[in-house]
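Take 31 as the starting number for the sequence shown in our numbering and just add one per residue. Here's the structure we're looking at; comments come further down.
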Amino acid sequence: MKKLIILLLFIPLIQPIMAQDTPVLSKVSDLEQKIDALVKQYQDLDLFAGVVLVSERGTPFYHKAFGYADRENKRKNTIDTKFDIGSMNKAFTKVVVLQLVKEGKLSFDDPLGKYLDGFDADIARKVTVGQLLDHTSGFGDYHDPTYFDRSYEEKDMHQLLPLFRKLPLMFEPGTEQAYSNAGYVLLGLIIEKATGKDYFEVVRERAVDKLGLKNTYLTEKYRTPERAIGYTRTMRGELEANDYFQDPPKPDGGFYSTTLDMLRFFRAYHYGEELWDEATRSLDPMFTFLQEHKDSGGAIPHAGGFSGANTVHYEILRDQVSIDVFANRDELVAEDVGTGILAIIRGKEPEKPAQPAHLLIYRSYRDKGIDYVRDHFEELSTNWHPADPKDMILNMIGYNLMYSDDPAEVDQAIEVLTLNTELFPEVANVWDSLGEAWLRKGDKTKALRYYKKALAIRPDLPSALEAVKGLED
Numbered sequence: 031m032k033k034l035i036i037l038l039l040f041i042p043l044i045q046p047i048m049a050q051d052t053p054v055l056s057k058v059s060d061l062e063q064k065i066d067a068l069v070k071q072y073q074d075l076d077l078f079a080g081v082v083l084v085s086e087r088g089t090p091f092y093h094k095a096f097g098y099a100d101r102e103n104k105r106k107n108t109i110d111t112k113f114d115i116g117s118m119n120k121a122f123t124k125v126v127v128l129q130l131v132k133e134g135k136l137s138f139d140d141p142l143g144k145y146l147d148g149f150d151a152d153i154a155r156k157v158t159v160g161q162l163l164d165h166t167s168g169f170g171d172y173h174d175p176t177y178f179d180r181s182y183e184e185k186d187m188h189q190l191l192p193l194f195r196k197l198p199l200m201f202e203p204g205t206e207q208a209y210s211n212a213g214y215v216l217l218g219l220i221i222e223k224a225t226g227k228d229y230f231e232v233v234r235e236r237a238v239d240k241l242g243l244k245n246t247y248l249t250e251k252y253r254t255p256e257r258a259i260g261y262t263r264t265m266r267g268e269l270e271a272n273d274y275f276q277d278p279p280k281p282d283g284g285f286y287s288t289t290l291d292m293l294r295f296f297r298a299y300h301y302g303e304e305l306w307d308e309a310t311r312s313l314d315p316m317f318t319f320l321q322e323h324k325d326s327g328g329a330i331p332h333a334g335g336f337s338g339a340n341t342v343h344y345e346i347l348r349d350q351v352s353i354d355v356f357a358n359r360d361e362l363v364a365e366d367v368g369t370g371i372l373a374i375i376r377g378k379e380p381e382k383p384a385q386p387a388h389l390l391i392y393r394s395y396r397d398k399g400i401d402y403v404r405d406h407f408e409e410l411s412t413n414w415h416p417a418d419p420k421d422m423i424l425n426m427i428g429y430n431l432m433y434s435d436d437p438a439e440v441d442q443a444i445e446v447l448t449l450n451t452e453l454f455p456e457v458a459n460v461w462d463s464l465g466e467a468w469l470r471k472g473d474k475t476k477a478l479r480y481y482k483k484a485l486a487i488r489p490d491l492p493s494a495l496e497a498v499k500g501l502e503d
């Protein structure tokens, strides 16, 4: 799943443009035609379907929909189509946390154990609310293969707490930074403890209803009207609906919304007084940093996505220019289109669209062999989300081959997954997947060897533990 992402990154402006009080978009020659041409390049490669909104000081300058929300039923995207915004909704969680800190109901220094029990004593004492908020707690992601084996009910935020209690920290709390989906789910649970209310009820009261976001849904996707169905491209190039992906909304991702609603939200997030006053906003050091550097014209991206969904909101604080691109296609397409629009606004030529990494790598393997992939892996994998580990690429290809209808492709899966262990030997899951491939091949001895290799790296890996138990019984 994708993960990332609110990325509060600061992208420096390549060259100076206009002063803050001067209209920006109206000064860009042929802006509409240039955005149309950019989007057409992605559509010509069948990479993009979605909605693009470009606005200045909250007023839309460009707002168009492209492609299908539902390909099977030929239902087109409209500017009112609701998209899964993925990790964008971490911003809602952050808003509530800062509000509660301002009200004295939470403190950044509060330890995890003050609100949630069952954690190792050191973790409960050392991890703080502030560290969970800024991704320095040591908790990482939880979207490993065992997560996707869970039922829909078992993916509920409360059902994940026992899993999180067993997660080892990636580093000593406060010493490093690593993007953390688990951390934001924990924040949602802490919000419930601090308020005595359901997390989703709190978000509705404090953000959604307060801003009048009539087209923002915090419920499961099948209860969301006029939603875009996500489409993911397989390694063989076919588009498949991602409705097989069943995941309830949580504090780290999964809300549905429209471009206009999210424009309204992020304007309140960055400039307004409806969600919080400037004093509350400035409690977060990131906002202070952004204000100190806003005159450079940098663009702040808030993004989210996974297979079949990608959304991004870019905000140029100096000029109050906003770019929203929502897509019911794979990452990184919305972010790539948004970056292209930024280039156009800055008077630069946008980069040409590129095929997704997993598609390029599979085609290279099919046409040129495993040695070519080994020698050119880095350049072939450039169009891959920076927040996602690259071992996922070959793992995805390996599983597609392993469970295809052609038995001969099991050998190809073993070849691909073996390369994955060469490139990422420190990742337990790559050994676990290789063990599964050998088991499917019928070689239990080799399967057991690689499952044990996985457990040597991660002793608590459930899939490997279960496999070893079954093979040794």
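Each residue gets a CB set at the ideal place from its N, CA and C atoms; glycine is no exception.
Check	Outcome
Segment contact, 8 Å Cβ cut-off, at least three pairs: the segment 350 to 366 with the segment 320 to 335	yes
Cα-Cα separation between Gln71 and Lys382, rounded to whole angstroms	8 Å
Same chain, Cβ closer than 8 Å to Ala225, neighbours up to 5 away in sequence not counted	The question names Ala, yet the displayed sequence has Thr at residue 225. The residues are Leu130, Lys135, Val232.
Contact set for Glu373: own chain, Cβ-Cβ below 6 Å, skip 5 residues either direction	Note on identity: in this sequence residue 373 is Ala, with Glu being the wrong assignment. Only Pro380 meet the Cβ criterion.
Backbone secondary structure at Arg376 - three-state DSSP	coil
Best match in Leu453, Gly368, Ala443 for proximity to His406 [C-alpha to C-alpha]	Leu453
Sequence-distant residues of the same chain with beta carbon closer than 7 Å to Asp490, five excluded per side	Lys196
Ordered list of beta strand (DSSP E) runs contained in the segment 325 to 407, each at least 3 residues	329 to 336, 339 to 346, 351 to 357
Pro46 classed as buried or exposed, judged by whether at least 16 other C-beta atoms fall within 10 angstroms	The predicted position of Pro46 is uncertain, since its pLDDT is 36 and thus under 50; a value taken from the coordinates is nonetheless stated next. By the neighbour-count rule (16 or more Cβ atoms within 10 Å), Pro46 is not buried but exposed.
Host beta strand (DSSP E) of Gly168 (start-end)	Where Gly168 is concerned, there is no enclosing beta strand (DSSP E), given that its DSSP letter is neither H nor E.
Nearest neighbour of Val159, chosen from His173, Met187, Thr123 [CA to CA]	Thr123
Best match in Ala443, Lys227, Ala298 for proximity to Gly399 [C-alpha to C-alpha]	Ala443
Leu495 to Pro279 span [Cα, whole Å]	29 Å
Local conformation of Gly465 per DSSP, three classes	helix
Extent of the continuous beta strand (DSSP E) run through Leu491	Note, Leu491: premise wrong, no beta strand (DSSP E); not H, not E.
Beta-carbon contacts of Ile36 that lie in its chain and below 8 Å, excluding the five residues immediately before and after	Low confidence applies here, because Ile36 scores a pLDDT of 35, under 50, leaving its location unreliable; read the following figure in that light. The answer, listed in chain order, is Ser117, Met118, Lys120, Ala121, Lys124, His332, Ala333, Gly334.
Val54 to Gly302 span [Cα, whole Å]	21 Å
Proximity of Tyr258 and Ala99 at Cβ, strictly below 8 Å	The sequence given here places Ala at residue 258; Tyr does not occur at that position. A contact, by the Cβ cut-off of 8 Å.
Assumed close pair Leu478, Ser463 - CB separation to whole angstroms, cut-off 8 Å	With a Cβ gap of about 14 Å, Leu478 and Ser463 do not count as contacting.
Stretch pair the segment 86 to 97 + the segment 61 to 71: three plus CB contacts closer than 8 Å	yes
Any 3 or more C-beta pairs closer than 8 Å across the segment 207 to 217 and the segment 154 to 173	yes
Backbone secondary structure at Lys244 - three-state DSSP	coil
Residue from Glu445, Pro492, Ala458, Val440 with nearest C-alpha to Arg470	Val440
Validate contact between the segment 267 to 286 and the segment 316 to 328 using beta carbons, cut 8 Å, 3 pairs	no
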